[in-house]
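Just add 6 to wherever you are in the sequence shown, counting from 1, and you've got our numbering.
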Amino acid sequence: MSTATARYAGHLRTEATHVASGNTILTDAPVDNHGRGEAFSPTDLVSAALGSCMMTIMGIVAERHGVDLTGVSWDVTKHMLAEPRRIGQLDVTFRLPASLPEKERTILENAARTCPVALSLNPEIRQEVRFLYE
7 MSTATARYAG HLRTEATHVA SGNTILTDAP VDNHGRGEAF SPTDLVSAAL GSCMMTIMGI
67 VAERHGVDLT GVSWDVTKHM LAEPRRIGQL DVTFRLPASL PEKERTILEN AARTCPVALS
127 LNPEIRQEVR FLYE
């Protein structure tokens, strides 16, 4: 069974449908690459996938250790390179509770860095991951 089906909607826009749930995602080419920038670009989705995967794996580990991470937030910044156009670096910053003990911090940080998306990206894409305990 397919994971997703997709169609080209014209004007540098795509629409992908998640087969199991029926949820859809639109993509647009970014403004700096002939697009309208009205939706995630495909490389924006890669960026979002990295942060979401890291958080999901941290969530799995946190549940196993009885730690509640509800409300943890993160942001991702994508840095593009040219010739050929590609992602050069992804910066991910997590904001976690200052009350997390050192042992849990170490476990969660390791979990994030070993998520499937992080391990699947080309090693030439630099991943800068920061954990802020506030």
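Cβ coordinates follow ideal geometry from the N, Cα and C atoms, glycine included.
- Counting along the chain, the unbroken beta strand (DSSP E) around E21 starts and ends at 19 to 24.
- Every unbroken stretch of the beta strand (DSSP E) spanning 3 or more residues and falling wholly within the segment 30 to 69 is given here in chain order: 30 to 34.
- Inside the segment 70 to 127, DSSP marks whole beta strand (DSSP E) runs of 3 or more residues at positions 79 to 87, 92 to 102, from first to last along the chain.
- In the structure shown, E130 adopts coil according to DSSP, grouped into three states.
- The three-state secondary structure of G28, taken from DSSP, is coil.
- Here DSSP, grouped into helix, strand and coil, assigns T11 to strand.
- The residue among S79, A12, V67, L56 with its C-alpha nearest the C-alpha of L125 is L56.
- Nearest C-alpha to E44 among S53, D38, T33: T33.
- Between the segment 62 to 72 and the segment 111 to 129, the count of Cβ pairs shorter than 8 Å is three or higher; the stretches touch.
- Our two residues, V135 and P107, have alpha carbons roughly 19 Å apart in a direct line.
- Of all alpha-carbon atoms in R13, C121, P48, the one lying nearest the alpha-carbon of R91 is that of P48.
- Less than 7 Å separates the beta-carbon of L87 from that of G94.
- In summary, M60 is buried, with 16 or more beta-carbon neighbours lying within 10 Å of its beta-carbon over all protein chains present.
- From the listed residues R119, D74, E140, the smallest Cα separation to R132 is found for R119.
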